[in-house]
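Sequential numbering from 76 applies to the sequence shown in the numbering used here.
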Amino acid sequence: MGNIFIREAVSGDAELLLEFVRALAEYEHLEDQVEATVEGLRQTIFTDKRADALIAEYDGQAAGFALFFHNYSTFKGKPGLYLEDLFVKPELRGKGVGRALLRNLAALAARRGCGRLEWACLDWNTPSIAFYKSIGAIPLSDWTMFRVTEEKLSALAKLTIG
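Structure (structure tokens):
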């Protein structure tokens, strides 16, 4: 096993984060959906503070990342953390990098008084599903995720009630 180091991302990591996002999109067969830019990530993550990110290093090289933000549970009456993306370079999978990222994220959630840590996983991604189950995560099969995309937001905002 190599040396794993987890650190908070800083503004200078915006280019690295975009590289990881593109690699994740490639893995998920969603390359055509990446609209993010280095400047956009720098602005929204490090200036506007809309999200946070952790960077994993393995033997001194960038190995992966976790990007997350706060949500809120009215049932728990507490904030939670939502893990938007977790990615480890393919050649470094199975070396404990993903586990270290999640362990650090769980510790951060506990320090922040969060009631839970949640994320979504594509149904076909059986290696990730098996990994998540191995760390004690429970799939929520009784929930369906919904999305309104940017181009539909204006139409929804103008929707007449009644």
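From the three backbone atoms N, C-alpha and C, an ideal C-beta is built for every residue, glycine too.
Being a predicted model, the structure only gives us computed values, none of them experimental.
The residue among F221, D198, R125 and I210 with its C-alpha nearest the C-alpha of E103 is D198.
Taking a 10 Å sphere around the C-beta of V172, we find 16 or more other C-beta atoms and assign the residue as buried.
Exclusion of the five residues before and after L99 leaves D160 and F162 as the residues of its chain whose Cβ lies within less than 7 Å of its Cβ. With 16 or more neighbouring CB atoms inside 10 Å of its own CB, F206 falls in the buried class. Using a 10 angstroms sphere on the CB of G152, the tally of other CB atoms stays under 16, which defines it as exposed. A137 is not a Cβ neighbour of L176, given a cutoff of 8 Å.
Spatial neighbours of V223 in its own chain (CB-CB distance under 8 Å, excluding positions within 5 residues in sequence) are listed in chain order as L231.
With 16 or more neighbouring CB atoms inside 10 Å of its own CB, A128 falls in the buried class. Here A89 is near V113, since their CB atoms are less than 8 Å apart.
Following the DSSP letters along the chain, one finds K227 in no beta strand (DSSP E) but inside the alpha helix (DSSP H) bounded by residues E225 to A232.
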